[in-house]
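In order, the protein sequences belong to chains A and B. Take any residue in the first sequence, note its place counting from 1, add 154, and you have its number in my numbering. Take any residue in the second sequence, note its place counting from 1, add 402, and you have its number in my numbering. Using N, Cα and C, we set each Cβ at its ideal position, and we do this for glycine too.
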Amino acid sequence: MKSDIILAGVGGQGILSIAAVVGMAALENHLYLKQAEVHGMSQRGGAVQSHLRISEREIASDLIPEGRADIIISVEPMESLRYLPWLSENGWLVTNTTPFVNITDYPDMKMLLAEIEKLPHNIAINADEIARQVKSPRSSNMVVLGAASPFIDIPYQSLENGIKKIFERKGKKIVQLNIDALKAGRDFSASHMK
Amino acid sequence: MEKLLLLGAEAIAQGAIDGGMSGVYAYPGTPSTEITEYVQHNKIAIERKLHSQWSTNEKTAMEAGLGMSYAGKRAMVCMKHVGLNVAADAFINSAITGVNGGLIVTVADDPSMHSSQNEQDSRFFGKFAMIPILEPANQQEAYDMAYEGFELSEKLKIPIMMRITTRLSHSRAGIETRPMKQENKLKYPEDPIQFVLLPSNARKRYKGLLGLQSLMEQEAERSSFNTYYPARNKSIGIIACGIAFNYLMENYPDRKFPHPVLQLGQYPLPFSKVEKIVNECEHVLILEDGYPLVEEMLKGYLDKNSKIKGRFDGSIPRDGELNPDIVAKALGLEVKAGKIIPSIVADRPPELCAGCAHRDIYLALNETMKEFGKQKVFSDIGCYTLGALPPWNSINSCVDMGASITMAKGAADAGVHPAIAVIGDSTFTHSGMTALLDAIVENTPVTIIISDNGTTGMTGGQASHATGRLEEICIGLGVKPEHVRVLTPLPKYHDEMVNVLREEMLYEGVSVVIPRRECIQTLGRSKKDVKVKMEKVLK
Ligand code: SF4
């Protein structure tokens with residue numbers, strides 16, 4: 155088993171929390187893990203990505219080779235496309251469709267969604283909207299993770315356990331809101347898988 | 403023994419703590435910051451009262467680390483590669499004084515310049531100082547080298563350099579820890595004038611350092627970090643330094659190398675192992691993340707037709723970080739072509755946070771500069787460097803820590819008026835104070851804007867040594883009190899800021915303008931601690 159995942163987003167959008175939850179879940183299943191982060195200058199509202207590798211076997215490189223990622227998980231639609239060179243032929247692209255517009259030349263949304271739809275395996279989810287529906291508006295990142303969860307080779311329950319561990323210091327309510335968000339994302343995927 | 407999930411930087415910190423370190427000295431700099439931050443938050447380190455406060459700059463850090471070593475205890479000094487330039491004076495001389503307690507200088511290089519001004523390779527500095535260099539391939543080795551490095555340092559009585567790159571520093575993996583060692587007791591150097599580098603003594607010490615070189619080579623020869631993997635197919639041999647070994651392994655799972663491989667993790671070069679691979683293989687490919695240091699050593703200048711391959715002959719790109727694909731290409735292995743990025747994907751450069759105080763001062767500065775003409779604003783290294791990009795386009799230089807003030811002075815000496823420097827509070831104490839003194843001595847007409855956000859914002863909000871004492875420092879250095887002007891950078895004070903800036907720019911002497919408002923990131927954090935920590939124990 156191996157999952158090579160590219161996490162994508164904009165600095166400050168919470169991709170490191172996604173990585174933390176998946177990381178915890180990997181630990182629970184005694185898997186090897188490597189996760190490369192971006193720190194420093196690029197975090198100030200710039201494009202950020204993280205390579206997250208999980209495997210039964212020891213992992214060599216901290217970076218995923220091009221064309222080999224099993225999944226791109228993105229919390230922002232344009233950012234999901236920036237890392238296509240890494241996506242494998244049969245890889246899944248799972249992305250939030252709510253744009254983060256902090257540049258003047260942000261592309262037309264229709265064209266963006268059309269590009270995403272071109273991919274044979276994609277899940278485009280309005281995670282912000284779904285997060286609002288489950289009354290957890292700040293957990294859209296967990297909605298996206300939930301939507302991606304069917305494609306990550308880790309038991310779903312372990313992701314929930316990961317959320318419990320990562321957010322336990324913030325109290326039961328926050329934990330539950332994040333689990334609700336995760337679940338809502340997963341349900342969306344189940345009904346939208348092609 | 404326990405298993406921890408740690409960033410490479412954190413693994414180094416944990417290794418140093420477990421290895422009996424008594425203190426870490428550093429100035430924050432990406433990608434080295436997390437080493438010191440880890441020590442600051444580590445339970446054992448807090449219990450043991452290990453020193454972990456930030457230093458004013460890398461030179462003071464290096465000197466303090468040397469002082470701790472002088473007292474017989476184990477110390478680590480951490481910095482990013484350009485920080486080593488600042489510490490170079492003390493660093494090079496520490497190789498001559500030698501050490502008493504073990505001393506590890508950890509330097510994090512940034513090939514591909516993820517957040518730096520250049521790519522410089524610190525191994526050259528280690529070689530220049532003629533000390534051993536340790537270069538981990540992965541997080542576990544980073545831990546092990548920090549753990550064992552103090553002993554190597556004490557055995558040779560020489561500081562050790564540990565060199566990592568951004569990728570390893572900022573990547574997380576599981577590591578196994580080792581039994582915790584006790585700290586050293588206080589103990590003074592046996593040779594009373596060892597640390598006195600008067601010429602007569604320095605000459606003696608330098609000879610000693612030269613005499614140690616063969617011992618260092620023997621250590622490298624024996625080191626478990628330098629491993630030879632024999633193989634049948636000798637059409638090519640591979641020397642893989644540090645993290646490059648990972649990228650090599652990615653292409654040959656389970657370490658099944660068809661070609662002889664020398665994994666290099668400890669310098670000086672292990673001579674017999676290098677000789678063996680060069681002699682037995684038709685070609686030798688050198689994989690190193692950073693400059694072609696080993697390649698140049700093996701190739702020399704005259705051997706144009708050499709069998710040595712690497713960055714010089716184009717087998718590997720001349721600049722930028724390594725990765726598994728580059729290594730695969732150099733070995734003639736299959737590289738999967740990924741999909742193409744759709745053309746509608748626009749660049750998304752970093753920018754100042756919404757609500758950042760630097761924004762307000764740049765707006766005011768831009769308006770003031772309409773009267774004086776552009777191209778007269780020198781700036782420095784920090785979040786505010788982003789003021790060089792649209793929509794601000796406010797600043798015209800960023801060279802090294804502190805250069806804004808001295809460059810403005812030089813420009814003023816050339817006749818530029820007004821000559822303006824924009825510098826942050828932390829950068830100012832790092833290297834701006836001495837620059838300011840230069841301007842004061844000659845009463846050079848410069849206007850220095852110290853944009854005071856009460857923190858070291860760029861690297862994530864570490865304490866700034868200027869906090870609470872900025873005006874006193876400036877006045878103490880000799881700026882006239884009436885030309886130290888404190889402002890509140892908010893849109894509602896825009897006109898007032900423009901007026902004050904104009905007044906001080908017209909003044910024919912040294913003036914300091916201090917716009918002061920806390921970084922909104924640290925402000926948010928002190929309100930509610932929302933930092934998610936992933937460092938957890940797995941049993
Ligand atoms: S981190 Fe602080 S100083 Fe840096 S851009 Fe953001 S608000 Fe400004």
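Within 7 Å (strictly less), CB to CB, does glutamine 167(A) reach chain B?
Taking the first residue of the first sequence as position 1, residue 167(A) is located at position 13. It does not: the Cβ of glutamine 167(A) has no partner Cβ on chain B nearer than 7 Å.
Could you name the residues, in chain order, whose CB is less than 6 Å away from a heavy atom belonging to the ligand SF4?
Those satisfying the condition are, in chain order, Arg198(A), Leu754(B), Cys755(B), Cys758(B), His760(B), Cys785(B), Asn855(B), Gly859(B), Cys921(B), Ile922(B), Gln923(B).
To the nearest whole angstrom, what separates the beta carbons of serine 866(B) and serine 806(B), a pair I think is in contact under 8 Å?
Residue mapping note: residue 866(B) aligns to position 464 of the second sequence, counting from 1. Residue mapping note: residue 806(B) aligns to position 404 of the second sequence, counting from 1. Going by Cβ atoms, the distance from serine 866(B) to serine 806(B) rounds to 16 Å, so no, they are not a contact pair.
Can you confirm whether glutamate 736(B), when its beta carbon is compared against all beta carbons of chain A, has any partner nearer than 7 Å?
Translated into the one-based positions of the second sequence, residue 736(B) becomes position 334. It does not: the Cβ of glutamate 736(B) has no partner Cβ on chain A nearer than 7 Å.
Along the segment 650 to 675 of chain B, where does the CB come closer than 7 Å to a CB of chain A? Name the residues.
Within the segment 650 to 675 of chain B, the residues whose Cβ lies closer than 7 Å to any Cβ of chain A are, in chain order, Met651, Glu652.
For histidine 819(B), which three-state DSSP category applies?
Taking the first residue of the second sequence as position 1, residue 819(B) is located at position 417. Histidine 819(B): coil per DSSP, three-state reduction.
Please confirm if valine 747(B) has its CB atom under 7 Å from at least one CB of chain A.
Within the second sequence, residue 747(B) is the residue found at index 345, counting from 1. The beta carbon of valine 747(B) sits closer than 7 Å to some beta carbon of chain A.
Less than 7 Å between CB atoms is the rule here; does proline 274(A) satisfy it with respect to chain B?
Residue mapping note: residue 274(A) aligns to position 120 of the first sequence, counting from 1. The Cβ of proline 274(A) sits no closer than 7 Å to any Cβ of chain B.
Could you give the DSSP three-state label for lysine 930(B): helix, strand or coil?
Position 528 of the second sequence, counting from 1, holds the residue named residue 930(B). With a pLDDT of only 48 at lysine 930(B), under 50, the local geometry of the prediction cannot be trusted, and no value is derived from it.
Neighbourhood of glutamate 684(B) by C-beta distance below 7 Å, restricted to the same chain and skipping five residues each side
The residue labelled residue 684(B) in the question sits at position 282 within the second sequence. Once the five neighbours on either side are set aside, the close Cβ partners of glutamate 684(B) are Lys636, Ser637, Ile638, Lys709.
When you compare the CB positions of phenylalanine 780(B) and alanine 823(B), do they come within less than 7 Å of one another, or not?
Translated into the one-based positions of the second sequence, residue 780(B) becomes position 378. Translated into the one-based positions of the second sequence, residue 823(B) becomes position 421. In this structure, the beta-carbon distance from phenylalanine 780(B) to alanine 823(B) falls below 7 Å.
Let me see if you follow: with CB-CB separation under 7 Å, is glutamate 753(B) close to chain A or not?
Here residue 753(B) is taken as the residue at index 351 of the second sequence, counted from 1. Interface residue, yes.
Give the residues from the segment 421 to 443 of chain B that approach chain A closer than 7 Å (Cβ to any Cβ), ordered along the chain.
Those would be Thr432, Pro433, in chain order.
Partners in chain B for glutamate 271(A), counting only beta-carbon separations shorter than 7 Å:
To locate residue 271(A), count along the first sequence from 1; it is residue 117. For glutamate 271(A), no chain B residue has a Cβ inside 7 Å of its Cβ, as the nearest lies near 12 Å away.
Helix, strand or coil for glutamate 578(B), going by three-state DSSP, please let me know.
The count along the second sequence starts at 1 and reaches residue 578(B) at position 176. Here glutamate 578(B) sits in strand by DSSP.
Using a beta-carbon distance cut-off of less than 8 Å, what residues from the segment 167 to 181 of chain A approach chain B?
Against chain B - using a Cβ distance shorter than 8 Å - the residues of the segment 167 to 181 of chain A are Leu170, Ser171, Ala173, Ala174, Gly177, Met178, Leu181.
So, using beta-carbon positions, are lysine 445(B) and leucine 238(A) closer together than 7 Å?
Position 43 of the second sequence holds residue 445(B). Position 84 of the first sequence holds residue 238(A). For lysine 445(B) and leucine 238(A), no; Cβs fall outside 7 Å.
Less than 6 Å between the CB of glutamate 556(B) and some heavy atom of the ligand NAP, yes or no?
The model on display carries the ligand SF4 but not the ligand NAP.
Buried or exposed by the 16-neighbour rule on C-beta atoms within 10 Å, applied to proline 601(B):
Taking the second sequence and counting its residues from 1, one reaches residue 601(B) at position 199. Classification of proline 601(B): exposed, given that the 10 Å Cβ count is below 16.
Contact between the segment 526 to 544 of chain B and the segment 554 to 571 of chain B: three or more CB pairs below 8 Å?
Yes: the two stretches touch, three or more of their Cβ pairs being nearer than 8 Å.
Using only alpha-carbon positions, find the residue among Arg927(B), Asn768(B), Pro534(B), Cys800(B) that is nearest to leucine 617(B).
Indexing the second sequence from 1 puts residue 617(B) at position 215. The residue among Arg927(B), Asn768(B), Pro534(B), Cys800(B) with its C-alpha nearest the C-alpha of leucine 617(B) is Pro534(B).
Do you know how far the Cα of leucine 735(B) is from the Cα of isoleucine 688(B)?
What you label residue 688(B) is simply residue 286 of the second sequence in a count that begins at 1. What you label residue 735(B) is simply residue 333 of the second sequence in a count that begins at 1. For isoleucine 688(B) and leucine 735(B), the distance between alpha carbons rounds to 16 Å.
Determine the direct distance from the alpha carbon of leucine 614(B) to that of glutamine 864(B), and round the result to whole angstroms.
Taking the first residue of the second sequence as position 1, residue 864(B) is located at position 462. Taking the first residue of the second sequence as position 1, residue 614(B) is located at position 212. About 39 Å.
Less than 7 Å separating the beta-carbons of cysteine 662(B) and isoleucine 679(B)?
Sequence index remark: in the second sequence, residue 662(B) carries index 260 (1-based). Sequence index remark: in the second sequence, residue 679(B) carries index 277 (1-based). The question names cysteine, but residue 662(B) is proline in the sequence shown. Contact: yes.
Chain A contact for lysine 559(B) (CB, 7 Å cutoff)
Taking the first residue of the second sequence as position 1, residue 559(B) is located at position 157. Judged by the 7 Å Cβ criterion, lysine 559(B) is not in contact with chain A.
Quick one: Cα of proline 917(B) to Cα of cysteine 758(B), how far?
Against the second sequence, residue 917(B) aligns to sequence position 515. Against the second sequence, residue 758(B) aligns to sequence position 356. Across the structure, proline 917(B) and cysteine 758(B) are spaced so that their CA atoms are roughly 12 Å apart.
Which parts of the segment 726 to 755 of chain B are runs of the alpha helix (DSSP H), unbroken and 4 residues or longer, counting only runs that do not cross its ends?
Entirely contained in the segment 726 to 755 of chain B, the alpha helix (DSSP H) runs reaching 4 residues are, in chain order, 726 to 732.
Rounded straight-line distance, which links the Cα of aspartate 420(B) to that of valine 939(B)
As a working note, residue 939(B) is residue 537 in the second sequence. As a working note, residue 420(B) is residue 18 in the second sequence. Confidence at valine 939(B) is low in this model, with a pLDDT of 34, below 50, so the placement of that residue is unreliable and no value is reported for it.
Indicate the three-state DSSP secondary structure (helix, strand or coil) for leucine 599(B) in the structure shown.
If you number the second sequence from 1, residue 599(B) lands on position 197. Coil, per DSSP.
Assuming leucine 406(B) is part of the beta strand (DSSP E), what are its boundary residues?
For the purposes of this step, residue 406(B) is taken as the residue at position 4 of the second sequence. Unbroken beta strand (DSSP E) run through leucine 406(B): 405 to 409.
Less than 7 Å between the beta carbons of serine 496(B) and proline 561(B), yes or no?
By 1-based counting over the second sequence, the position of residue 496(B) is 94. By 1-based counting over the second sequence, the position of residue 561(B) is 159. Cβ atoms of serine 496(B) and proline 561(B): closer than 7 Å.
By the 10 Å Cβ neighbour count, where 16 or more other Cβ atoms means buried, how is threonine 258(A) classified, buried or exposed?
What you label residue 258(A) is simply residue 104 of the first sequence in a count that begins at 1. Burial call: exposed.
Does any CB atom of chain A fall closer than 7 Å to the CB of isoleucine 922(B)?
Start at 1 with the first residue of the second sequence, and residue 922(B) comes out as number 520. Taking CB atoms only, isoleucine 922(B) has no neighbour in chain A less than 7 Å away.
For glutamate 521(B), does the three-state DSSP call read helix, strand or coil?
The residue you call residue 521(B) lines up with position 119 of the second sequence. Three-state DSSP puts glutamate 521(B) in coil, outside helix and strand.
Buried versus exposed, by CB contacts within 10 Å (16 or more), threonine 890(B)
As a position in the second sequence, residue 890(B) is number 488, starting the count at 1. So threonine 890(B) ends up on the exposed side.
Between Thr462(B), Met481(B), Gly784(B), Val914(B), which has its C-alpha nearest alanine 415(B)'s C-alpha?
Working through the second sequence from its first residue, we reach residue 415(B) at position 13. If we check each option's Cα against that of alanine 415(B), Met481(B) comes out closest.
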